[in-house]
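J.: This is the structure I want to talk about, given as structure tokens.
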Ligand SMILES: Cc1cc2nc3c(=O)[nH]c(=O)nc-3n(C[C@H](O)[C@H](O)[C@H](O)COP(=O)(O)OP(=O)(O)OC[C@H]3O[C@@H](n4cnc5c(N)ncnc54)[C@H](O)[C@@H]3O)c2cc1C
Ligand SMILES: Nc1ncnc2c1ncn2[C@@H]1O[C@H](COP(=O)(O)O)[C@@H](O)[C@H]1O
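Residue numbers (the working numbering), protein chains in the order written: chain A, 833 to 1156; chain B, 29 to 290.
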């Protein structure tokens, strides 16, 4: 019986959520395809992680090596290539994370196995893998067939599947590391933390989030006034930080902060998944966007399809009027 | 340093209304404005900055039909020295794996110290061309790059991780680096630059020139075959507030009041 591999992702002593999300989906797929679910854990001194993960998978392959202490695609690729060649898993699931996108494509090319990236759903139709993913910043979904193969590799979008703890106590099997010499061509040096910011948007009760729809830096005072009238703080999507109009600590999303304010007003934000991941659990979401098909409207409680340059100043006036 | 930058010509869709075409497998492209992929814009700028600092050349390469020339002209106007377009009817239907093979068979014959790609293409977002290209060329790669420094045959890069964290990693050169937005501020194109760019040659190559077989490109050479595209089912649907700005903001104020937010 073949198996489904889930590559565990961990960083700085923490197992990352995507691992449990993939293990949950992996278990469902394993049951449907009559295969076993195997977690693959690479690291140094990670027996504790193996124990935690064994509660989600029938088997855990544990490869420990000082060279695997921090993620390094070169070292990871060597270990995973060996395991894949030996066990021929039906499917290998890797997170569509910074770590996964550095590893999965070159691994797939090296093994000549087909790869589907950033999947939000997966199913087998017979022996063919059928995946769902998004295009055009989340405006459309795609259902696609992956080229037929004995073994497939996918990367899985974060938060696409909800993690559920099953009732399993799996067995950990230590596998000796195939890494002989130091990896020579790629070397992890250190983590670099973002500079501590002046504003903590995660502590604010009201956030006015602005996006590329704001068009120009000269329009910033207008939205700042709205935030002030609401007793809130300005936050933003990534392009605003990339342009240098607001500092990094104001960015909401997968590569920024996760926020859960009482009110999040999204102005001129399209609602790309990486942004939504950071704000969709806000208590109340109001989105203003001139495009009625903007994905943000499927995450908002209330939507206004209009020009933010009309709505934002009017709202500021209205609030000030009410506050007297 | 001789640098190759891979650029893709993509439709701008953030503000456009998207329609699914008659095949049900693609979007209606007529009426959409095409431009250089956002991530590639940063990659090109980074290449030009490295060249300005340490000399060398920048070559922009794209796989696409003839109308992608406007993106290549933009690259030339912004400081690229040479431009190449890979065009062949047989390339139709290529996914990012097939694109990476086409790029590899072209680039392997060129001399280079560094290859830059975008982290992903904003249209289909596969996020795979850079590392696959590196693997096929037998060299190292790093993705999600937000800073590059050079040191004695290696590139020291900052890779963006989740939540604002970064990691510093060293890769042996020549390498493929996939660039993340925000690494620099892409410059505007000067009129002079545009004029000069119009005169430069764009080298055009097809399947026969790059030594790949027909089965290695297009749909048969791809990993992914699109079955259908559709509008995503909504997680929840916003209640739309309609009316004049006055009516809309009155309604919003009521909602905020009822929740004790004002
Ligand atoms: C690895 C990775 C990590 C990322 N991390 C993040 C992250 O942490 N946070 C993040 O936000 N993004 C992140 N992104 C980027 C993300 O994919 C999107 O590109 C980004 O969120 C888009 O920002 P936006 O909505 O402001 O811009 P766009 O997508 O360009 O949308 C602009 C919107 O404004 C609307 N608009 C324009 N003018 C007006 C007007 N006058 N009135 C009303 N509406 C108007 C348009 O209709 C459009 O919907 C990441 C991407 C990658 C690849
Ligand atoms: N058709 C293409 N021509 C040239 N470069 C491309 C093409 N498609 C993708 N790329 C490069 O690969 C990067 C990642 O694209 P993708 O893997 O398709 O998301 C892009 O940012 C480009 O640098």
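For each residue, glycine too, the CB sits at the ideal point set by N, CA and C. Note that this is a predicted model, so its numbers are computed, not measured.
Which residues in chain A have a C-beta closer than 7 angstroms to the C-beta of residue 259 (chain B)? List them in chain order.
T.: 972
J.: Using only the alpha-carbon positions, how far apart do residue 1003 (chain A) and residue 158 (chain B) sit?
T.: Going by the C-alpha atoms only, they are around 37 angstroms apart.
J.: With distances taken from each beta carbon to the nearest heavy atom of ligand 2, which residues come in below 7 angstroms, in chain order?
T.: B:34, B:35, B:36, B:65, B:67, B:68, B:71, B:89, B:90, B:91, B:92, B:124, B:127, B:131, B:145, B:146, B:147, B:148, B:149, B:152, B:153, B:154, B:155, B:156, B:157, B:158, B:206
J.: Tell me the start and end of each unbroken alpha helix (DSSP H) in the segment 1074-1155 of chain A that is at least 4 residues and wholly inside, in chain order.
T.: 1105-1108, 1140-1155
J.: What does the Cβ neighbour count give for residue 943 (chain A), buried or exposed, with the cut at 16 atoms within 10 Å?
T.: buried
J.: In this structure, what does DSSP give as the bridge partners for residue 146 (chain B)?
T.: B:207
J.: Can you say whether residue 971 (chain A) is buried or exposed, counting buried as having 16 or more other CB atoms within 10 angstroms of its CB?
T.: buried
J.: Can you check whether the C-beta of residue 93 (chain B) is within less than 9 angstroms of a C-beta belonging to chain A?
T.: no
J.: Is residue 276 (chain B) close to chain A, meaning its C-beta is less than 9 angstroms from at least one C-beta of that chain?
T.: yes
J.: Just to confirm, is the Cβ distance from residue 835 (chain A) to residue 868 (chain A) under 9 angstroms?
T.: The answer is yes: Cβ separation under 9 angstroms.
J.: Looking at the secondary structure, which residues open and close the beta strand (DSSP E) in which residue 934 (chain A) lies?
T.: Careful: residue 934 (chain A) lies outside any beta strand (DSSP E), inside the alpha helix (DSSP H) at 930-943.
J.: Chain B beta carbons: is any one of them nearer than 9 angstroms to that of residue 852 (chain A)?
T.: no
J.: Is the segment 1085-1099 of chain A touching the segment 1054-1067 of chain A in the sense that three or more CB pairs, one from each, lie closer than 8 angstroms?
T.: yes
J.: Assuming the contact rule is C-beta atoms closer than 8 angstroms, residue 173 (chain B) and residue 208 (chain B) should be a hit. Round their C-beta distance to whole Å, please.
T.: 6 angstroms
J.: Tell me the DSSP secondary structure of residue 855 (chain A) in three-state form.
T.: Here residue 855 (chain A) sits in helix by DSSP.
J.: With a threshold of 8 angstroms, are at least 3 pairs of Cβ atoms found where one atom belongs to the segment 1130-1147 of chain A and the other to the segment 71-81 of chain B?
T.: no
J.: If you reduce the DSSP assignment to three classes, tell me which class residue 51 (chain B) lands in.
T.: It is coil, neither helix nor strand.
J.: Going by C-alpha to C-alpha distance, which of B:263, B:91, B:229, B:85 sits closest to residue 65 (chain B)?
T.: B:91
J.: For ligand 1, is there any heavy atom lying closer than 8 angstroms to the beta carbon of residue 925 (chain A)?
T.: no
J.: Can you check whether the C-beta of residue 921 (chain A) is within less than 9 angstroms of a C-beta belonging to chain B?
T.: no
J.: Suppose only complete runs of 3+ residues qualify. What are the beta strand (DSSP E) ranges in the segment 39-107 of chain B, listed by chain order?
T.: 62-64, 86-91
J.: Sort A:897, A:873, A:899 by Cα distance to residue 888 (chain A) and report the nearest one.
T.: A:873
J.: Considering only residues of the segment 127-208 of chain B, which uninterrupted beta strand (DSSP E) runs meet the minimum length of 3 residues and lie entirely inside it, listed in chain order?
T.: 142-146, 168-179, 182-188, 194-200, 203-207
J.: Among B:124, B:41, B:57, B:85, which has the Cα closest to the Cα of residue 249 (chain B)?
T.: B:124
J.: Any contact of the segment 852-861 of chain A with the segment 921-941 of chain A, i.e. 3+ C-beta pairs under 8 angstroms?
T.: yes
J.: Return yes when the Cβ of residue 949 (chain A) is within less than 9 angstroms of the Cβ of residue 134 (chain B), no when it is not.
T.: no
J.: Please determine, among A:994, A:1109, A:982, A:953, the residue with the shortest C-alpha to C-alpha distance to residue 975 (chain A).
T.: A:953
J.: Residue 1021 (chain A) versus chain B: which residues are under 8 angstroms apart at the beta carbon?
T.: 184, 195, 196, 197, 198
J.: Ligand 1 and residue 1128 (chain A): does any heavy atom of the ligand fall closer than 8 angstroms to the residue's C-beta?
T.: yes
J.: Can you tell me which of the three DSSP states residue 844 (chain A) falls into?
T.: coil
J.: Where does residue 966 (chain A) fall in DSSP's three states?
T.: strand
J.: Out of B:261, B:35, B:197, which one is the CA nearest neighbour of residue 144 (chain B)?
T.: Distances from the CA of residue 144 (chain B) to each of B:261, B:35, B:197 were compared; the closest alpha carbon is that of B:35.
J.: Please list, in chain order, the chain A residues whose beta carbon lies closer than 8 angstroms to that of residue 171 (chain B).
T.: 930, 933, 934
J.: With three or more beta-carbon pairs closer than 8 angstroms as the criterion, would you say the segment 1085-1095 of chain A touches the segment 1044-1060 of chain A?
T.: no
J.: List the DSSP bridge partners of residue 119 (chain B).
T.: BP columns for residue 119 (chain B) are empty, so no partner.
J.: Restricting to Cα atoms, I'd like to know which of B:63, B:103, B:130, B:59 is closest to residue 245 (chain B).
T.: B:130
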